[in-house]
Amino acid sequence: MRRAPLLLSALICTIWAAPAPGAEHAMAMHLQAREQLRRNQVAAAMPLFERCVALEPRSSKHRQWLARAIGLQTAQKGIAAGLTGVNKVKAELEKAIELDPNNIEARHDLAVLYKVVPGLFGGSNAKAAEQVAIIRQRNPALATQIEADFLARDKKTREALTLLQESIRLNSARPRPHVSMAMLHQRLSEWERAFAALDRALTIDPRYPIALYHVGRTAALSGTQLERGEKALRTYMGLAIRPELEYPPLPGAHHQLGVILERKGNREAARAEYKKALSMQPDHKDARAALAKLK
Numbered sequence: 001m002r003r004a005p006l007l008l009s010a011l012i013c014t015i016w017a018a019p020a021p022g023a024e025h026a027m028a029m030h031l032q033a034r035e036q037l038r039r040n041q042v043a044a045a046m047p048l049f050e051r052c053v054a055l056e057p058r059s060s061k062h063r064q065w066l067a068r069a070i071g072l073q074t075a076q077k078g079i080a081a082g083l084t085g086v087n088k089v090k091a092e093l094e095k096a097i098e099l100d101p102n103n104i105e106a107r108h109d110l111a112v113l114y115k116v117v118p119g120l121f122g123g124s125n126a127k128a129a130e131q132v133a134i135i136r137q138r139n140p141a142l143a144t145q146i147e148a149d150f151l152a153r154d155k156k157t158r159e160a161l162t163l164l165q166e167s168i169r170l171n172s173a174r175p176r177p178h179v180s181m182a183m184l185h186q187r188l189s190e191w192e193r194a195f196a197a198l199d200r201a202l203t204i205d206p207r208y209p210i211a212l213y214h215v216g217r218t219a220a221l222s223g224t225q226l227e228r229g230e231k232a233l234r235t236y237m238g239l240a241i242r243p244e245l246e247y248p249p250l251p252g253a254h255h256q257l258g259v260i261l262e263r264k265g266n267r268e269a270a271r272a273e274y275k276k277a278l279s280m281q282p283d284h285k286d287a288r289a290a291l292a293k294l295k
C-alpha cells in the first residue's frame, strides 16, 4: 500500500523536472537554425529563430541569435537594407539585454555593432565603450579580449597581441583569446606562432570549433602541416552545434579544405570542395577564383 504514495511522489518529481514541451521544441529549433547559419542558409534560419522567439518570448538567447541572423541577412542584401537592418539588429539586442542584463554575449554583439557600423547608421565608439565597460564588471577577461579585437580591426596588431596576453592572464581557462592571437599571427605570416596559439586553445578544449577551423586555415595559408589542417577541418565539419559556442561558416571551411587538397596535389578533390563552398555561398569570391584556376 505504501508504494502508491511513493509512485505518486516520483511522478510529481518527474513532471516538475521535465522541461516544458515548448521549451524542448524551441531548443531543437534553435540548434537547427544555428546549423542553417553555419551553412550560410540565412533565409532558412530566420523563420526558425522567429518561431523560437514566439515559443519563448522571454528567452534572451533566442533574441540575440535572431539579431545575428538579421545582421547576416542585412549584409547579404547590401546597402539598400543597411539602416533598416541595423535598427532591427539593435532592437533585438537591446531586447535580449532587457530580458537578461547578464547576457554578456548580447552586450558583446551590441558593442561590435556600435563599433563597426558608420555613424550615419548609428555607430558610436562611445556607446561601444559603454557596453565594454559593463562587460568588464562581469567578465574582465572578455572585455579585454574585445578591446584587443577592436585594436586588431584598426590594424594595431602588436597592441592587440599585448591586450590578448592580458586577457589570458585574467582568465587562462578561455580558449578564445588564443584563437584571436592566432588570427593576428596569420596576418603577420607568423605561421609557427599561429599554430602554437591554436595548440594552446585546443589544449583547453580539444573540440573548440573556431580553433579547429583556424588550424585548417593556417595550414591552407602557409602550406605547412597540411595533414593536420585537413584533419582539423574535417573534424570541424562533423561537429554538432554546442549552444554556448560559435561556429565559422561551412563555405569557408570547404574552401580552406580545397586549398589544402590542391596543395597536396589532389585537384579533383579540391575542385569538389570549391564547388561545395559555392553551392552553399554562390558569392564566395575566393572559392570561385580557386575553382576557375583549376580549369
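Numbering (the working numbering), first residue to last: 1 to 295. We put the beta carbon where it would ideally sit given N, CA and C, even for glycine.
*Going straight from the alpha carbon of E56 to that of R38, what length do you get?*
Looking at the two C-alpha atoms, the distance is approximately 23 Å.
*Minimum Cβ-Cβ distance from Y208 to chain B less than 7 Å*: The structure shown contains no chain B; it holds only a single protein chain.
*Can you grab the Cα-Cα spacing for the pair I70 / A272, in whole Å?*
One alpha carbon belongs to I70, the other to A272, and they sit about 30 Å apart.
_Every unbroken alpha helix (DSSP H) within the stretch 186 to 241, with a cutoff of 4 residues, ordered by chain_ = DSSP runs (the alpha helix (DSSP H)) wholly in the stretch 186 to 241: 191 to 204, 209 to 222, 226 to 237.
*Count the C-beta pairs between the stretch 163 to 172 and the stretch 143 to 153 that are closer than 8 Å, then say yes if the count reaches three, no if not.*
Touching, yes, given that three or more Cβ pairs across the two stretches are closer than 8 Å.
*asked:* Which same chain residues end up closer than 7 Å to K127 when comparing Cβ atoms and leaving out the 5 residues on each side of it in sequence?
replied: Around K127: Y114.
*asked:* Quick check: what's the CA-CA separation for L226 versus N266?
replied: Straight across, the Cα-Cα distance linking L226 with N266 is about 12 Å.
*Sorted by chain position, which residues of the same chain lie with C-beta nearer than 6 Å to V259's C-beta, five sequence neighbours on each side aside?*
Cβ within range, chain order: A220.
_Exposure label - P21; buried when at least 16 CB within 10 Å_ = Legend: pLDDT at P21 = 48, less than 50; position of this residue unreliable, value from coordinates given subsequently. It is exposed - the Cβ of P21 has fewer than 16 other Cβ atoms within 10 Å.
*Which two residues bound the contiguous alpha helix (DSSP H) that contains E132?*
Looking at the sequence provided, one finds Val at residue 132 rather than Glu. Element bounds for V132: 125 to 138.
*Does DSSP put R107 in a helix, a strand or coil?*
Helix.
*Look at the Cβ atom of H178, then the Cβ atom of A201, and state whether they are nearer than 7 Å.*
In this structure, A201 lies closer than 7 Å to H178 by Cβ.
*A26 to A54, Cα distance in whole Å?*
Per the coordinates, the alpha-carbon of A26 lies some 9 Å from the alpha-carbon of A54.
*Among residues of its own chain, excluding the 5 on either side of W191, which ones have a beta-carbon nearer than 8 Å to its beta-carbon?*
Around W191, the same chain offers H185, T218, L221, S222, T224 as residues with beta carbons nearer than 8 Å, after the five sequence neighbours per side are excluded.
*Under the three-state reduction of DSSP, which class applies to P175: helix, strand or coil?*
If DSSP states are grouped into helix, strand and coil, P175 belongs with coil.
_For S189, count the other beta carbons within 10 Å of its own beta carbon; 16 or more makes it buried, fewer makes it exposed. Which is it?_
It is exposed - the Cβ of S189 has fewer than 16 other Cβ atoms within 10 Å.
_For M303, the nearest candidate out of R174, L198, R169 (CA to CA)_ = Here the chain covers residues 1 to 295 and nothing more, so residue 303 does not appear.
*Beta carbon of A44 nearer than 7 Å to that of Q36*: Yes, the Cβ-Cβ distance between A44 and Q36 is below 7 Å.
*In chain order, what residues of the same chain have a beta carbon less than 6 Å from the beta carbon of A106, not counting five sequence neighbours either side?*
Within the same chain, A106 has close Cβ partners Q64, L93, A96, I97.
*Inspect the beta-carbon positions of L110 and P140 and report whether they are closer than 7 Å.*
Result no, Cβ atoms of L110 and P140 do not sit closer than 7 Å.
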